[in-house]
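Notes for the one structure printed next.
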Amino acid sequence: MRSSRTVLAVALLGMALGGCGATDIGPGGADEPGPAQIVDGWTSCAEAAPRAGEMITVPTTETPPPAVKEPTIGRIDPAFTPVAAVICGREIRPGPNGGQEQVATERRAEQIAPLLTALRLPSEQTGGEVACTLEMVVPPWMALVDDRGRWLRPHIPTDSCGKPRAEVIAASAGPQWTTVDTRTIRQIESAAAEAAGCAQQWTDLLWVETRNGGPGPAGPGLSPAAGPLRLCVYEVPASLQEGEKPAGDFVYGGPLPPERQAGLFRALSNRRAVVDCATPATRFAVLRPLDGAGPDRYVELDGCRRFLVAPATGVGQLGQGDDALVALLGPV
Numbered sequence: 026m027r028s029s030r031t032v033l034a035v036a037l038l039g040m041a042l043g044g045c046g047a048t049d050i051g052p053g054g055a056d057e058p059g060p061a062q063i064v065d066g067w068t069s070c071a072e073a074a075p076r077a078g079e080m081i082t083v084p085t086t087e088t089p090p091p092a093v094k095e096p097t098i099g100r101i102d103p104a105f106t107p108v109a110a111v112i113c114g115r116e117i118r119p120g121p122n123g124g125q126e127q128v129a130t131e132r133r134a135e136q137i138a139p140l141l142t143a144l145r146l147p148s149e150q151t152g153g154e155v156a157c158t159l160e161m162v163v164p165p166w167m168a169l170v171d172d173r174g175r176w177l178r179p180h181i182p183t184d185s186c187g188k189p190r191a192e193v194i195a196a197s198a199g200p201q202w203t204t205v206d207t208r209t210i211r212q213i214e215s216a217a218a219e220a221a222g223c224a225q226q227w228t229d230l231l232w233v234e235t236r237n238g239g240p241g242p243a244g245p246g247l248s249p250a251a252g253p254l255r256l257c258v259y260e261v262p263a264s265l266q267e268g269e270k271p272a273g274d275f276v277y278g279g280p281l282p283p284e285r286q287a288g289l290f291r292a293l294s295n296r297r298a299v300v301d302c303a304t305p306a307t308r309f310a311v312l313r314p315l316d317g318a319g320p321d322r323y324v325e326l327d328g329c330r331r332f333l334v335a336p337a338t339g340v341g342q343l344g345q346g347d348d349a350l351v352a353l354l355g356p357v
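If you count by the working numbering, then the sequence shown holds residues 26 to 357, one letter each, in order.
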């Protein structure tokens, strides 16, 4: 397992595509922040920053934590003497029974003199003839706490590319951070999905394609031949079924038994006309080649009972399934 120090450095250096700012902000310039708001009574990340580090990439029916009005971020008041720093964040960890879960963390450090020195540096001027890389560095949610339990959110000075200064990154990786609290936020991948080799959530591409006016019907060039397949079946929550990209939750799956596969290929090679239907499926199956070579196949297990053969490149082909096809896609 990675050390807390390594995790902190990774958190501070978390990257997403972006670029450098073009505004002119110099040391002590007009855009430098004012003093940070000082708040009485630090309690915990769970109360002060329940959504710190939140990154939701797929639709979810889970109730999000309540919004919290956070104090104004700014410079450290000379009259405020921090004795500890706290970083609130989120990580993906193995679950206690397998799979993966998202965990909120609270880490605390008390040997923070180098960090305070770095945080008190001015931001460098941006713009001009400076070569900047194309990643945007996202700093962690940080608080400084004094010996009376008061706390503030410090402004993190930036370099000429608008990213946290190297001194702040180095100092953040330096202190001995101690994990004082963890709490499970949500399951990312269940043990069952992990064992089946399936993702915990998957988008119903068949619904997406047909909603957008495609794809075309299966043609005579469509070959049913393929190597071994993995079956993954998903259930779409009612609230997402008619959305633009309905995401289903894993139900069951695993390598498709060979005795089913021959029948499956025959069912997928039929030339029946696709029914005129717009009923969203509550469950759908995804069939993916075990070796990664060949198209993915989507099958609606109820609703319109259509299927889609979706190659990695080119246009997918739509077909009409039936009860026999659905029966071949039961639990493995």
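Glycine included, every Cβ here is placed at the ideal spot set by N, Cα and C.
All figures in this text were calculated on a predicted structure; none of them were measured in a lab.
Every unbroken alpha helix (DSSP H) within the segment 154-180, with a cutoff of 4 residues, ordered by chain:
none
In whole angstroms, give me the CA-to-CA distance for R173 and C70.
17 Å
Sequence-distant residues of the same chain with beta carbon closer than 6 Å to G355, five excluded per side:
none
G246 to V300, Cα distance in whole Å?
No answer about G246 holds up, because its pLDDT of 42 lies below 50 and its placement is not dependable.
Taking the Cβ atom as the reference point for each residue, do P179 and L146 lie within a distance shorter than 9 Å?
no
Among residues of its own chain, excluding the 5 on either side of R133, which ones have a beta-carbon nearer than 6 Å to its beta-carbon?
A109, V111, T203 and V205
Around the Cβ of T338, are there at least 16 other Cβ atoms within 10 angstroms (buried) or fewer (exposed)?
exposed
Boundaries of the alpha helix (DSSP H) in which T106 is found, first to last residue
Note, T106: premise wrong, no alpha helix (DSSP H); not H, not E.
Would V357 and G278 be called neighbours here (beta carbons separated by less than 9 Å)?
yes
Exposed or buried, which one is G59 when buried takes at least 16 other CB atoms within 10 Å?
exposed
Identify which residue in K270, V193, C257 and G199 has its Cα closest to the Cα of T228.
K270
List the whole-angstrom C-beta distance separating V334 from R308, where the pair is believed to meet the contact cut-off of C-beta under 8 Å.
At roughly 19 Å, the Cβ-Cβ gap does not stay under 8 Å, so V334 and R308 are not in contact.
Of the residues G187, V93, T304 and E160, which one's Cα is nearest the Cα of Q150?
G187
Ends of the alpha helix (DSSP H) at V376?
Shown here, the chain extends from 26 to 357; a query on residue 376 therefore has no answer.
Could you tell me the alpha carbon to alpha carbon distance between G66 and P96, rounded to whole angstroms?
13 Å
Looking only at its own chain, which residues have a Cβ that is under 6 Å from the Cβ of R336, when we skip the five neighbours before and after it?
Note that residue 336 is Pro in the sequence shown here, rather than Arg. Excluding residues within five positions, the ones whose Cβ falls inside 6 Å are P320.
At what residues does the alpha helix (DSSP H) containing R285 begin and finish?
P283 to L293
L350 beta carbon less than 9 Å from that of L281:
no
Measuring alpha carbon to alpha carbon, tell me which residue in P107, Q125, Q226 and T209 is nearest L140.
P107
If you run the structure through DSSP and keep just helix, strand and coil, what is I101?
coil
Can you check which of these residues, Q286, E72, G288 and A298, is closest to C329 by C-alpha distance?
A298
For L312: DSSP bridge partner residues
L256 and R322
Where V324 and A310 are concerned, what is the direct C-alpha to C-alpha distance, given to the nearest angstrom?
5 Å
Taking its Cβ as the centre, do 16 or more other Cβ atoms sit within 10 Å of I117, making it buried, or is it exposed?
exposed
Span of the beta strand (DSSP E) around P280:
A272 to P280
Would you kindly work out how many angstroms separate the C-alpha atoms of Q136 and A196, rounded to a whole number?
10 Å
Along the beta strand (DSSP E) that carries T209, what are the first and last residues, could you check?
T203 to E214
When we look at the beta-carbon of V155 and count the other beta-carbons within 10 Å, is it buried (16 or more) or exposed?
exposed
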